[in-house]
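Numbering (mature numbering (1 follows the signal peptide of the UniProt record, and there is no 0)), first residue to last: -27 to -1, 1 to 354.
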Amino acid sequence: MSALHDFSISSFLLILVLCFVVQTIEAQNYSRLLPPQEKNALIEIAEQLGKKDWDFDLNPCNGNRNWTTPKIDNTSTYVNNVTCNCSTPDGLCHVQIILLKGQDLAGVLPPSLVKLPYLKTIDVSRNYLSGTIPPEWASIKLEYMSVMVNRLSGPIPKYLGNMTTLLYMSLENNMFNGTVPKELGNMVNLQSLTLSFNNLTGKLPEEVIKLTKLTELRLSGNNFTGILPSFGSLKNLQKLEIQASGFEGPVPPSISILTGMKELRISDLTGSASKFPPLENMTGLTKLMLRSCNLSGKIPSYIANMLQLKILDLSFNRLEGPIPDLERLDTLKTLELGKCLLSNACSKNWYSVHINCGGESVTIGDTILNYTRQLASQLYL
């Protein structure tokens, strides 16, 4: 009986000790606050951005809704998120990610961002921020930077070339002007670069098209000059978008080297007629647009081997001859060949109009096309 009594007391004491340890750990985690200098930096950042709803009486690193708004869905353009890293050796939390998307912020890009030494990601897209990118940002070891869809202006700063840790940079849909600085070629770790829809002019520097780690490059909607560059050195490229950017053709034959390409969109090239580029090795393409590129000759038969193709747009060219048999392209949703001056009629199954009003399959001739998404088939001839 005495042994049983001693065992009960020991068990009770063990439970008390465990409860104390758990409470101590929870208290320590809760008490892991930001260093005062980082909290002060956030106060300055809020003032510079024009953000007025951060509550500095709350711990930004506790996941409070004032600092981290739950994600509504993948299509939501509003994001309010400050994320901290609380696993650092110094026992403190540090701001690592700031996402402030679609918040109608009307200030400037905050120079005080430099006071957050652990920051890796900044995304302030879809606001009304003006000015330019502060020089202070060039010394931050950022990996992801998006300032797209704002009112930033002036030349793209040369000192961005010092941001060698960046993996992703989007300056899309602002009012940047002038030439692209060759210093961007120093961003050797960059994997995604978007400069679309600005007022950029001049030639694209060779240094930029030698960023060999790029998997995505978007340059649409600018006023560049000169012949479309060769992108043969960008062997990791998967997405290339150059629509209505002022370049002169032709599409360079060296593009055939880019066998990992998934999306190729080029349009509105100036200059004389040229042959269809050699794309037969791009069998993994899902989107192919060569619209208004002054292409002449026949549509190559190898298009029929691009079995993952969803969008094919060869409209507004000088193509002629028969359309290849595309009936094996089960994934094809959009086909645009308008204004191509094709001299031979295509098969009846392709020039007929077939409208799918929402089902998952449509029968055309002897072919049943299955769709996982309930969208109408689109055939523009």
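Beta carbons: idealized from backbone N, C-alpha and C, even for Gly.
Being a predicted model, the structure only gives us computed values, none of them experimental.
Close-in-space but distant-in-sequence residues of the same chain around residue i (CB under 6 Å, 5 per side omitted)
i: residue 167; result: 143, 145 and 191
i: residue 79; result: 23 and 101
i: residue 392; result: Nothing about residue 392 can be read from this structure; the chain reaches only from -27 to 354.
i: residue 19; result: 27
i: residue 237; result: 213 and 261
Cut-off 8 Å between Cβ atoms - residues of its own chain near residue i, not counting five sequence neighbours on either side
i: residue 162; result: 137, 138, 139, 140 and 186
i: residue 280; result: 256, 301, 302, 303 and 304
i: residue 283; result: 259, 260, 304, 305, 306 and 307
i: residue 368; result: Within the shown structure, residues of the chain are numbered from -27 to 354, placing residue 368 beyond reach of any answer.
i: residue 13; result: 88
i: residue 25; result: 19
i: residue 5; result: 34, 59, 64, 65 and 66
Same chain, Cβ closer than 7 Å to residue i, neighbours up to 5 away in sequence not counted
i: residue 132; result: 108 and 111
i: residue 196; result: 172, 173, 174 and 219
i: residue 251; result: 226 and 229
i: residue 278; result: 256
i: residue 297; result: 272, 274, 276 and 277
i: residue 312; result: 288 and 289
For residue i, three-class secondary structure by DSSP
i: residue 6; result: coil
i: residue 231; result: coil
i: residue 128; result: strand
i: residue 378; result: Beyond the ends of the chain as shown, which are -27 and 354, falls residue 378; an answer cannot be given.
i: residue 275; result: helix
i: residue 181; result: helix
i: residue 58; result: strand
i: residue 52; result: strand
i: residue 172; result: strand
i: residue 81; result: strand
i: residue 21; result: helix
i: residue 206; result: coil
i: residue 103; result: strand
i: residue 11; result: helix
i: residue 68; result: strand
i: residue 300; result: coil
i: residue 86; result: helix
i: residue 285; result: strand
i: residue 159; result: helix
i: residue 133; result: helix
i: residue 112; result: helix
Within 9 Å, strictly: CB atoms of residue i and residue j
i: residue 294; j: residue 270; result: yes
i: residue 165; j: residue 183; result: no
i: residue 76; j: residue 100; result: yes
i: residue 74; j: residue 55; result: no
i: residue 128; j: residue 159; result: no
i: residue 41; j: residue 51; result: no
i: residue 234; j: residue 262; result: no
i: residue 307; j: residue 287; result: no
i: residue 65; j: residue 7; result: yes
i: residue 169; j: residue 194; result: yes
i: residue 242; j: residue 210; result: no
i: residue 358; j: residue 82; result: It is not possible to answer for residue 358, since the shown part of the chain is limited to -27 through 354.
i: residue 67; j: residue 116; result: no
i: residue 17; j: residue 88; result: yes
i: residue 53; j: residue 72; result: yes
i: residue 198; j: residue 212; result: no
Supposed close pair residue i, residue j - CB separation, criterion 8 Å
i: residue 94; j: residue 125; result: Contact flag wrong, Cβ pair sits at about 18 Å.
i: residue 268; j: residue 292; result: 6 Å
i: residue 240; j: residue 264; result: 4 Å
i: residue 180; j: residue 208; result: So it is not a contact: roughly 17 Å between Cβ atoms.
i: residue 130; j: residue 153; result: Incorrect: roughly 11 Å between the Cβ atoms, too far for contact.
i: residue 27; j: residue 35; result: Not quite, the Cβ-Cβ distance comes to about 13 Å (not below 8 Å), so this is no contact.
Exposure label - residue i; buried when at least 16 CB within 10 Å
i: residue 49; result: exposed
i: residue 60; result: exposed
i: residue 215; result: buried
i: residue 44; result: exposed
i: residue 148; result: exposed
i: residue 274; result: exposed
i: residue 21; result: buried
i: residue 378; result: Examination of residue 378 is not possible in this model, given that the chain is present from -27 through 354 alone.
i: residue 29; result: exposed
i: residue 123; result: buried
i: residue 204; result: buried
i: residue 310; result: buried
i: residue 120; result: buried
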